Structure formats: C-alpha cells, structure tokens
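Chemist:
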Amino acid sequence: MKKIWIVLAATSALWVSGWAQAEADPKLWSVVKEAFFPKRDIQEVEFLKVDGPKRAESGAQVPVTFTYDKAAANGVVLKKLYVIVDANPIQLASTYHLTDMLGGFQMSTRIRQETDSFVRLIGETADGKLYMGKREIRAAGGCGGTVDNNESEVRAAAGKIKLSADVPKFGEASTTTFNIKHVMRTGLQRDLVSQGYVPAFYINKTVFTYNGKELMTVDVGVGTSEDPYMKFSFIPDAPGTLEVVATDNEGKTFSKSINVNN
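Position 13 of the sequence shown, counting from 1, maps to 12 under numbering that gives the first Met the number 0, and the rest follow consecutively.
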C-alpha cells in the first residue's frame, strides 16, 4: 500500500496535464514504471495484447481482454501478468499467477478507469525478465464519485458466485466463466449524504484449483470493476472438480465448486 500512495503523490501533477489534454498521457508511464519496476528493462512485444474499446461507455465498467500468446512467444514462459492502468489513482488493477494448466492465456474481464489512460499488460518470467503489451482506452469517472448503496443489501449480496465450464474434450481447452457479486468499493468514493470517504471493501484474491491443484491465482485490486467477472480457458486432463475460493479485504471467504465431465 505504501508504494501505491508514493505513485499517487509523484504523478499528481502529470494527471492534471493528462486531464487538460483529454487523452491518455504517455508521460505517466516513466513514473509508474519506476515505482513498480525500478531500474528494470521492459521489452514491448507482440505476444502480449490488450484489447478493449477505443472509448468506454462507462469508466466503472471497461471491458478488456488480456492475451498471452504462448505459441508466438518463442519460448518465453511467463509466470505472472500485471495489469497496470497508468492514470488510475491506484494503478495496479490485478496480478495473474499462471500455471501450465492454462496453456496460453486469454482473460476477458472488466476494469475501472478514472480517466483516459494506457492500459498495460506486463509479463514476468521466473528469472525476472519483463515484457509488455499496451492499449490506449478513453474512459472517465470509474474510481471516485459518490455511492448511495443500502449497506445491509450490499453486505447480504456480497460473495454470491456463478461458476461454469464448457463440457470439454479432455486434453483440450475448456472455457470457464466466473462472476462474483461484490460492490468493489475503492476507498476513493464519497458517501452521497456525508461526503466522507467510504471505506474500501473489495475482493482481493481468487484462487482457482482443479482436482486440488492450483490452476490460477489472481490478486485482485480495486481497479477491478464491481461484480468481478473473469472468462478464461484451462486444459483439464481428466474429469474432476473445478473450485474457486475468493477472499475480501475484510477477511471473508466465499467459494464455489462444479464438476467437469464430458
């Protein structure tokens, strides 16, 4: 958390410049990079891609797809993927911890954007080499603003999970869809009545397993939109049980499991 607020302070002047331009500000990246990856080289590559709208309808729900084309990577094996939104007050939206059960990687999800920004997918190998794909997306108002939620309803609904997987041919990719009900408060929103800041309340981790083996772990940040959604594929080698366990920043745990059979 300390690193996050260092970045916020260091880039505040650049955000003002970016808003004035009404487009993504490339100058932000040098500051953000040195905060998260100090003195490390990052190679821009074609095998990492960020797809999304040129202009999002809502900064609170920006649909994006992140792709790691392992076949095109010429032997580069990534173990982690970081999603960075340069112009967000909290830039790290999520971190994906990958396993061989995923094959390559394509994740459709939704993020928040406070203003026009470059969205970056940073891949890291086991020995620390870094690679990057990026896209400019225009959007506004996704991180702050005001909230007027019924607190008891928000708490009662939080953690309800939908989980599905296509019926696979074992040894081939099966598409999985995960959705969890959660308000994902950022800590930067204000109460509509008191105008005080509403405390952060968000899912911070999801762990997917298949037959008890880790499939993928996602460190989820407040740059992920309300009601987190993830669509991805994995390669089951036999019939089994797909399970997800999600936790929030208050320590609550939510889980769901399904049988995967042909």
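Heads up, the beta-carbon is just placed ideally off N, CA and C, and yes, glycines get one too. Just so we're clear, the structure is a prediction, and the values are computed from it rather than from any experiment.
Applying the 10 Å Cβ sphere with the 16-neighbour rule, what's the burial state of residue 127?
Modeler: exposed
Chemist: Quick one: give me the first and last residue of the alpha helix (DSSP H) that residue 154 is part of.
Modeler: 150-156
Chemist: Evaluate contact between the region 104-120 and the region 51-71, counting only Cβ atoms and requiring at least three cross-stretch pairs below 8 Å.
Modeler: yes
Chemist: When the Cα atoms are used, what is the spatial distance from residue 231 to residue 103?
Modeler: Looking at the two C-alpha atoms, the distance is approximately 10 Å.
Chemist: If we count the other Cβ atoms within 10 Å of its Cβ and call it buried at 16 or more, is residue 198 buried or exposed?
Modeler: Here residue 198 is exposed: its Cβ has fewer than 16 other Cβ atoms, across all protein chains shown, within 10 Å.
Chemist: State the CB to CB distance for the pair residue 202 and residue 172, rounded to an integer number of angstroms; the pair is presumed to be in contact (CB under 8 Å).
Modeler: Actually they do not touch by this definition, with Cβ atoms about 25 Å apart.
Chemist: Distance check for residue 193 and residue 213, CA to CA, integer angstroms please.
Modeler: 44 Å
Chemist: Since I believe residue 36 is in contact with residue 85 (beta carbons under 8 Å), could you give me their beta-carbon distance rounded to a whole number of angstroms?
Modeler: About 13 Å separates the two Cβ atoms, so there is no contact after all.
Chemist: What first and last residue would you give for the beta strand (DSSP E) that runs through residue 135?
Modeler: 129-136
Chemist: Is it true that the CB of residue 89 sits closer than 8 Å to the CB of residue 221?
Modeler: yes
Chemist: Helix, strand or coil, according to DSSP, for residue 245 in the structure here?
Modeler: strand
Chemist: What does the alpha-carbon distance come out to for the pair residue 257 and residue 240?
Modeler: Each residue's Cα considered, the two are about 6 Å apart.
Chemist: Pick helix, strand or coil for residue 20, following the three-state DSSP scheme.
Modeler: Note on residue 20: pLDDT 45, under 50, position unreliable in the model; no value is reported.
Chemist: If we count Cβ pairs, one from each stretch, closer than 8 Å, do we get three or more for the region 149-162 versus the region 130-137?
Modeler: no
Chemist: Put residue 123 into one of helix, strand or coil per three-state DSSP.
Modeler: strand
Chemist: Can you check whether the CB of residue 243 is closer than 8 Å to the CB of residue 206?
Modeler: yes
Chemist: Are any of the Cβ atoms in chain C nearer than 8 Å to that of residue 82?
Modeler: Checking the listed chains, one finds no chain C in this structure; it contains a single protein chain.
Chemist: Since residue 143 and residue 80 are thought to touch, with beta carbons under 8 Å apart, how far apart are those beta carbons, to the nearest angstrom?
Modeler: With a Cβ gap of about 26 Å, residue 143 and residue 80 do not count as contacting.
Chemist: Just to confirm before moving on: does the CB-CB distance between residue 253 and residue 175 stay below 8 Å?
Modeler: no
Chemist: Just the Cα atoms here: how many angstroms apart are residue 247 and residue 204?
Modeler: Taking the straight line joining both Cα atoms gives about 7 Å.
Chemist: Quick check: what's the CA-CA separation for residue 177 versus residue 31?
Modeler: For residue 177 and residue 31, the distance between alpha carbons rounds to 30 Å.
Chemist: With the cut-off set at 8 Å, would you say residue 23 and residue 46 are in Cβ contact?
Modeler: no
Chemist: Under DSSP, the alpha helix (DSSP H) around residue 213 begins and ends at which residues?
Modeler: First-last for residue 213: 212-219, but that is the beta strand (DSSP E), not the alpha helix (DSSP H).
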